[in-house]
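Engineer:
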Amino acid sequence: MKKEQYARLLHTQNISKQWNIALNMLRFRSEGFYQRQNCTDNNISLSSNYNSKSNRYSFLVNGIISSVKTDENGGVNDDTIFEENLFANKKLLSVNLSDARTRRGSREFTATQFLNFGRRDTANKDSTIRSKIIPGSYLSYSFHAGDNWFVYDDKHPTSGYYENIYFDSTRTRDSTRIFTMQNSISWKSFLVKNISAEISLEQKVSRLIQYSSDSLKATDSLFRDNIIHWGIGKNIRNKNANGFYWNTGGQYIVNGNHNGDYFISANLSYIFKNEKKISFTAENTLHSVPFIYSMYASNHFWWINPFDKISETNASICYHVSKNKFSFGAGERIINGYVYFDTTFFPKQFDATINIFSAFIAKKFHFGKFNFYNKITYQKSSYENILHIPQMFSNHSLYYEDNWFKGATHVQLGFDVMYSSSYYADAYMPALGLYYLQNKKQIGNYPYVDFFFNMKVKHARIFFKTEHVNSGLMGAYYLAPNFPAPDRAIKVGINWVFYD
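Per the working numbering, the very first residue in the sequence shown carries number 889; after that it's consecutive.
Here you go:
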């Protein structure tokens, strides 16, 4: 019961001085604490990079296959029973869905080639190095192909969990599949010291297919977009740098189904000689509403909505002192045309401007061998009945750190605490894989406490962790309405790096 396994293997191998390959494998499996919480995640990727002896030509290639299978229980059937039996076996609590599950997966391939231009390294006495090019600019071509899918399956659609059944009352089997192909060509050049500029042209083609049952095709749409990307900036080249640094860039869809969509960002930073930094960031975007809000056809949900584009503006300022491990900042986000799922699971577009203000302060204290890290964030929405967020959340860590056994072993021993104020969090709809507005139940106002012990010996790190130590001792705990957070769990693992 409640067992969980997480395993990751990364192997990288130099075939030659110019050619490297890498294999990355991930396997995760958990049974969960409640009925029908089984989850399995498999991920494997293979990548390679090559650089010619002269540094004139290089390429990167990567392929990845991933699959996530999750049982869906729709949350506990009665919150009161859970809240009055916090120490009971959670497998005994009834849930809303008895035979539903989701499957997500992807297959992706990316290949990028670079042609470098620049002067040769004539200053080096090594003849093999002198023939190499010091890149001052490069031309690149990239190709990407992807296949992503989402499948929702429920063998008992008449259980009363859904408000509507449009096609099949014996079984729900909805699916969405997206095929994507992208081609892009880029030019990047270092104009003067520390200042570089880049421009690229991209052609993107996507095909989206929705099935409202096993064989009934509900939507088959093709999207084509031609996009221009650009960027220019003065970047930090070493950790001891100081003075002004800046960058700006963005993208614009010049023609296609999303014609006129754009994104622009700018950052200005000043680094002081005494390890202090102040930075200002601004972003502005205009983008089409995600397709799922505009058109969707399934066994339980059906809509066609001609929504306007969404406009967002973000601005923030941050001050950071490395020596004292202290930082604070503030920002504001402005949204026009915000789109959300209302309490009836139907997409809506809000016609007023939403302002979200946020501010944070973070500080790490050091007392001999003890460390105390704190970060507190405050945020406020101008329309709290439409966009639900907690006004305050914080993260804290108190731990002991030292080197044992004559410096051979580095250890950390302590506690992590995470807290958020109470708020009407959005509820989860498994059949959509998305969240919707609800105004009946508040969650939050609860601290999650974890205990950890880390030990590092050479290239091996061994860890012991007890998550949610205070489970059942301080009231009810939820991740979302009707979805309790995991109970207390003990996790033990090892991370070992081998070099040859």
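Idealized CB from N, CA, C, for every residue including glycine.
Answer yes or no: do Ile1116 and Asp1108 have a C-beta to C-beta separation smaller than 7 Å?
Structural biologist: The Cβ atoms of Ile1116 and Asp1108 lie no closer than 7 Å to each other.
Engineer: Count the other C-beta atoms from every protein chain shown that fall within 10 angstroms of the C-beta of Arg989, then say buried if there are 16 or more, exposed otherwise.
Structural biologist: buried
Engineer: From Asn943 to Ile1192, what distance separates their C-alpha atoms?
Structural biologist: 53 Å
Engineer: Over what stretch of residues does the alpha helix (DSSP H) that includes Ile1180 continue unbroken?
Structural biologist: 1179 to 1182
Engineer: Is it buried or exposed, His1254, if we count other Cβ atoms within 10 angstroms and call 16 or more buried?
Structural biologist: exposed
Engineer: Taking the alpha-carbon of Thr1265 as reference, which of Ser1246, Ile1277, Asp1304 has the nearest alpha-carbon?
Structural biologist: Ser1246
Engineer: Do the segment 1226 to 1242 and the segment 1188 to 1203 touch if we need at least three Cβ pairs shorter than 8 Å?
Structural biologist: The way I'd put it, the segment 1226 to 1242 does touch the segment 1188 to 1203; three or more beta-carbon pairs between them come closer than 8 Å.
Engineer: Can you tell me where the beta strand (DSSP E) holding Ile969 begins and where it ends?
Structural biologist: Looking at the DSSP string, Ile969 is not in any beta strand (DSSP E); the run it does join, the alpha helix (DSSP H), is 967 to 971.
Engineer: By Cβ distance below 8 Å, which residues in the same chain neighbour Val964 in space, the five residues on each side in sequence not counted?
Structural biologist: Apart from the 5 residues on each side of it in sequence, Val964 sits with its Cβ closer than 8 Å to the Cβ of Tyr922, Phe970, Leu981, Ser982, Val983, Asn984, Asn1370, Phe1371, Pro1372 in its chain, given in chain order.
Engineer: Do the segment 1288 to 1301 and the segment 1316 to 1323 touch if we need at least three Cβ pairs shorter than 8 Å?
Structural biologist: no
Engineer: Identify, in the order they occur along the chain, each residue of the same chain with its Cβ nearer than 8 Å to the Cβ of Arg1335, setting aside the five sequence neighbours on each side.
Structural biologist: The question names Arg, yet the displayed sequence has Pro at residue 1335. Once the five neighbours on either side are set aside, the close Cβ partners of Pro1335 are Val1305, Met1306, Tyr1307, Asn1358, Met1362.
Engineer: Got a sec? Which residues, its chain only, sit under 6 Å from Asp1375 by beta carbon, not counting five neighbours each side?
Structural biologist: Phe921, Ser1359
Engineer: In the DSSP assignment, find the beta strand (DSSP E) that holds Ala1362 and state where it starts and stops.
Structural biologist: A small fix is needed here, since residue 1362 is Met in this sequence, not Ala. Taken as a continuous stretch (DSSP letters only), Met1362 belongs to no beta strand (DSSP E), as it is neither H nor E.
Engineer: In chain order, what residues of the same chain have a beta carbon less than 7 Å from the beta carbon of Lys1161, not counting five sequence neighbours either side?
Structural biologist: Asn1130.
Engineer: If you check the beta carbons only, do Ser933 and Asn912 fall under 7 Å apart?
Structural biologist: Yes, the Cβ-Cβ distance between Ser933 and Asn912 is below 7 Å.
Engineer: Gly1225 lies in the beta strand (DSSP E); which residues open and close that run?
Structural biologist: Premise fails: Gly1225 is in no beta strand (DSSP E) and is neither H nor E.
Engineer: Taking Glu996 and Ile952 to be in contact with their CB atoms under 8 Å, please state how far apart those CB atoms are, rounded to whole angstroms.
Structural biologist: 5 Å
Engineer: In this structure, how does DSSP classify Leu1096 when only helix, strand and coil are distinguished?
Structural biologist: In the displayed model, Leu1096 falls within a strand according to three-state DSSP.
Engineer: Grouping DSSP H, G and I as helix and E and B as strand, with all else coil, what is Leu1275?
Structural biologist: coil
Engineer: From which residue to which residue does the beta strand (DSSP E) around Val1299 run?
Structural biologist: 1297 to 1308
Engineer: Given this structure, state the Cα-to-Cα distance separating Phe1111 from Asp966, to the nearest angstrom.
Structural biologist: 44 Å
Engineer: Exposed or buried, which one is Lys899 when buried takes at least 16 other CB atoms within 10 Å?
Structural biologist: Checking the sequence, you will find His at residue 899 rather than Lys. Result: exposed.
Engineer: So, for Asn1147: in the same chain, excluding its five sequence neighbours on each side, which residues have a beta-carbon less than 7 Å away from its beta-carbon?
Structural biologist: Ile1141
Engineer: At what residues does the beta strand (DSSP E) containing Arg924 begin and finish?
Structural biologist: No beta strand (DSSP E) holds Arg924; DSSP gives it neither H nor E.
Engineer: Taking only the alpha-carbon atoms, compute the straight-line gap between Lys1257 and Tyr1288 and give it to the nearest angstrom.
Structural biologist: Between Lys1257 and Tyr1288, the C-alpha separation is close to 6 Å.
Engineer: Just to confirm, are Gln1279 and Ser1309 a CB contact at a threshold of 7 Å?
Structural biologist: It is a contact, given that the beta carbons lie within the stated cut-off.
Engineer: Just the C-alpha distance for Asp959 and Arg924, rounded to the nearest angstrom, thanks.
Structural biologist: 5 Å
Engineer: Of the choices Lys1105, Asn1143, Tyr1099, Ile1152, whose alpha-carbon is the least far from that of Ile1120?
Structural biologist: Ile1152
Engineer: Would Lys978 be called buried (16 or more neighbouring beta carbons within 10 Å of its own) or exposed?
Structural biologist: buried
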